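Right, one structure below, let's go through it.
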Amino acid sequence: MMAKFFKYTLVLVLFFIIEKQDCTAQKIELKMLMGEQVLYLDSNYKLGSADSIQITALKFYISDVEFWNNDSLLNTEKKSYHLIDITNPESFFLQFDLPFINAYNQIKFKLGIDSAAHAAGAMSGALDPLNGMYWTWQSGYINSKIEGFYIEQGVKKVFQFHLGGYQNPFNALQELTLKVQSKAILPIAFDLMPFFQLIDLKNRHHIMQPSSEAVLFSRNLKKCFTLK
Amino acid sequence: MFYPEVKMKRLFLFLLICSCFGFVTQSVFNLPIPNGWPKPAYNFKRNPLSPEAVLLGRALFYDPILSKNNTISCASCHSQYNGFTHADHAISHGIYDSIGTRNSPTLMNLAWHKSFMWDGAINHLDMQALAPITHPKEMGERLDSLLVKLNRSKLYKSLVAKAYGDSIVKSEFVLKSISQFLLTLVSANSKYDSVMRHEADFTPQEKKGYVLFKNHCNGCHNEPLFTNLEFENNGLCVDDNLRDLGRFVITKNPLDSFKFKVPALRNIEFSFPYMHDGRFKTISAVLLHYSSPKCKTPSLSNLLKNPIKLSKADRVDLTAFLLCLTDKAFLFNENYSYPKILLLNLPKD
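For the record, the sequence lines run as chains A and B.
Sequence positions in the first sequence follow the working numbering and run 127 to 354.
Sequence positions in the second sequence follow the working numbering and run 17 to 365.
Structure below.
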């Protein structure tokens, strides 16, 4: 009788602990934007005066997120990879296995996959090659994939940017630091407009392998993360 | 905020894993490392060998289910009796009889390799299989469609359950088990190995050949793997049709043009034709290449700037030594051949 009672209380206590942790888990919510508008798949967005673009695919990795208070690291989730995919709104909510600490004023993270994971072999989850973010003919993850149409005076042209590369001199991994206000669900905007304003789509519409341009484009992509 | 599902899922998973330990009987084993060999490059901690996973990988290696129209298996281009290269084909051909651009290399002692393909395009053995599976001219399949096919197959569901205690065939299992089978392909029982173990003796001719080999070839094809696993230019003139730039394709460094991964010479007797494009049919043609003037490009190895002086007699001796690298125990090892399990379980759907 006593033993049974203990078992039940144990289960209850466990439940309580699990709930308690969940109440305070840290999350990040990404707001996907194109300039002032919300970014949707296959919608038209004005680019400049006459031309417009449509996004048909947008996927990228965020990894190694760190929460800082000035110079001290409060919390970090090492070796964890988040794949954000415009077709999967759930992926805009980055879930962390970390409690919310109401004291950080800065976050740091990587846009892409670190070189160790690039060469670690087969994995499941976010790093499963099934996600279409792996180059099969030349090993390496695609850090970010942006595809769509560029419409110039009614004529539709395809653009495809598969940005990646982990070996020097074409290491495309980017590190970011954002000053923020700590929140359990931290809102961050991902606005693609600055990326497109920096490139000349007419002349550069395909990047499909590691190169110095892939590095440059990846650097441009950093500018999309803001606190709008 | 309250998201108990996440934690509960994890708890459930944990319990599931615990319960799996109860009835999955994987017997992990270590790859036997031949005496005096270096440490393998492969990280076995992330993929510990088990007989069940090796069998799964072996079945996949021999099964044309990996190709789009179920006609081509890995073994179509890598057959055991010639050291797992493509029998008598200069350039491998795959699905719908398409012709590729390179000669298929031998597959052996891959646990020691740090990169794969003639240009090192693949950085990890686990990821190697993805290249032929998805190549339009090789197996022409998509990874997602392949997983649908495998998840419909009773055979593969049961092999995966035995190897990984999971009811779903996942890409990680497919890739890691193919690696496991490839890792077991160790060739270390040639006459050369017996001599090194003091269990046999070279003939006087083989001995002369061994000396010549150590003088002229060991700089790149060094023992015991008979490759330094680096990329070198051995002075072949570029084929105008293929214009294969080799390692440059990956590094984009002009000094890497025309460099190729140094191939291992074990079982060379049976792995003809030779070189990345299979241009030489015989060992004597290869030796003639090494004793002739080379195509001089900036990346040509210093070791080969001048033709190697090899008389006709030297070439005969060197050939005698190269034949000592034939490993019959490897070429006819039943553990590496077509697994009976594939015969028993047809049809697969």
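Beta carbons: idealized from backbone N, C-alpha and C, even for Gly.
Owing to the predicted nature of the structure, the values given are computational and were not obtained by experimental measurement.
Measuring CA to CA, which of the options is closest to residue i?
| i | options | result |
| --- | --- | --- |
| Gln196(B) | Leu72(B), Leu358(B), Asp330(B) and Trp53(B) | Leu72(B) |
| Ala329(B) | Ser43(B), Asn249(B) and Gln221(B) | Gln221(B) |
| Asn51(B) | Ala179(B), Ser187(B), Ser203(B) and Asp142(B) | Ser203(B) |
| Pro309(B) | Cys253(B), Leu65(B), Ile299(B) and Phe274(B) | Cys253(B) |
| Phe337(B) | Asp256(B), Phe274(B) and Ser206(B) | Ser206(B) |
| Ala103(B) | Lys325(B), Arg331(B), Asn283(B) and Cys340(B) | Asn283(B) |
| Asn257(A) | Asp135(B), Asp160(B), Ile149(B) and Asn86(B) | Asp160(B) |
| Thr182(A) | Gly161(A), Phe285(A) and Met319(A) | Phe285(A) |
| Lys61(B) | Leu159(A), Asn231(A) and Ala246(A) | Ala246(A) |
| Ala229(A) | Leu165(A), Leu312(A), Leu156(A) and Asp254(A) | Leu312(A) |
| Val265(B) | Trp134(B), Leu201(B) and Asp209(B) | Trp134(B) |
| Ser183(B) | Tyr172(B), His151(B) and Asn139(B) | Tyr172(B) |
| Leu324(A) | Ser344(A), Glu155(A), Gln180(A) and Pro336(A) | Ser344(A) |
Quick one: what does DSSP say residue i is sitting in, helix, strand or coil?
| i | result |
| --- | --- |
| Leu342(A) | helix |
| Phe100(B) | coil |
| Met319(A) | helix |
| Thr303(A) | strand |
| Tyr292(A) | coil |
| Ala57(B) | coil |
| Trp134(B) | coil |
| Lys282(A) | strand |
| Gly251(A) | helix |
| Ser308(B) | coil |
| Thr298(B) | coil |
| Asn263(A) | Note on identity: in this sequence residue 263(A) is Trp, with Asn being the wrong assignment. In the structure shown, Trp263(A) sits in coil (DSSP, three-state: anything other than H, G, I, E or B). |
| Val191(A) | strand |
| Tyr78(B) | helix |
| Tyr355(A) | There is simply no residue 355(A) to check, as chain A begins at 127 and stops at 354 in what is shown. |
| Asp209(B) | helix |
| Gly235(B) | coil |
| Asp86(B) | Checking the sequence, you will find Asn at residue 86(B) rather than Asp. In this structure, Asn86(B) counts as coil in the three-state DSSP scheme. |
| Asp326(A) | coil |
| Asn297(A) | coil |
| Pro152(B) | coil |
| Gly258(A) | coil |
| Lys325(B) | coil |
| Phe229(B) | helix |
| Val70(B) | helix |
| Glu285(B) | coil |
| Met124(B) | coil |
On the DSSP bridge list, what partners appear for residue i?
| i | result |
| --- | --- |
| Met160(A) | Gln163(A) |
| Tyr171(A) | Ile179(A) |
| Lys185(A) | Asp211(A) and Lys271(A) |
| Phe247(B) | Lys277(B) |
| Lys153(A) | Gln221(A) and Ile311(A) |
| Thr352(A) | Ala315(A) |
| Leu316(B) | Asn249(B) |
| His332(A) | Gln286(A) |
| Gly262(B) | Lys275(B) |
| Thr202(A) | Glu192(A) |
| Tyr290(B) | Phe296(B) |
| Ser95(B) | Thr101(B) |
Return the CA-CA distance between residue i and residue j, expressed in angstroms with no decimal places.
| i | j | result |
| --- | --- | --- |
| Ser187(B) | Val176(B) | 11 Å |
| Lys185(A) | Phe286(B) | 47 Å |
| Gln144(B) | Leu334(B) | 33 Å |
| Phe37(B) | Asp211(A) | At Phe37(B), the pLDDT of 48 sits below 50, so the modelled position is not reliable and the matter cannot be decided from this model. |
| Leu199(A) | Leu299(A) | 21 Å |
| Leu32(B) | Ala242(A) | Because the pLDDT at Leu32(B) is just 49, under 50, the model does not fix this residue reliably, and the point stays unresolved. |
| Arg158(B) | Asn167(B) | 14 Å |
| Tyr19(B) | Ser217(A) | A caution first: Tyr19(B) carries a pLDDT of 42, below 50, which makes its placement in the model unreliable, though a value can still be read off. So the two alpha carbons sit approximately 15 Å from each other. |
| Leu360(B) | Phe242(B) | 39 Å |
| Ser250(A) | Asp260(B) | 34 Å |
| Asn322(B) | Thr262(A) | 39 Å |
| Asp256(B) | Cys311(B) | 13 Å |
| Leu173(A) | Pro314(B) | 47 Å |
| Phe274(B) | Gly262(B) | 5 Å |
| Lys165(B) | Pro80(B) | 12 Å |
| Phe39(B) | Phe348(B) | Low confidence applies here, because Phe39(B) scores a pLDDT of 48, under 50, leaving its location unreliable; read the following figure in that light. Cα-Cα distance, rounded: 34 Å. |
| Phe235(A) | Glu301(A) | 6 Å |
| Glu203(A) | Asn195(A) | 16 Å |
| Tyr166(A) | Gly291(A) | 28 Å |
| Ser131(B) | Asp272(B) | 15 Å |
| Gly280(A) | Phe77(B) | 50 Å |
Quiz item: Hey, which unbroken runs of the alpha helix (DSSP H) at 4 residues or more fall wholly within the segment 212-245 of chain A?
Solution: The DSSP assignment places complete alpha helix (DSSP H) segments of no fewer than 4 residues inside the segment 212-245 of chain A at 241-244, in order along the chain.
Practice problem: Ignoring anything shorter than 4 residues or poking outside the segment 155-217 of chain B, list the alpha helix (DSSP H) runs there in chain order. | Solution: Listed in chain order, the complete alpha helix (DSSP H) runs (minimum 4 residues) inside the segment 155-217 of chain B are 159-168, 170-180, 187-199 and 207-212.
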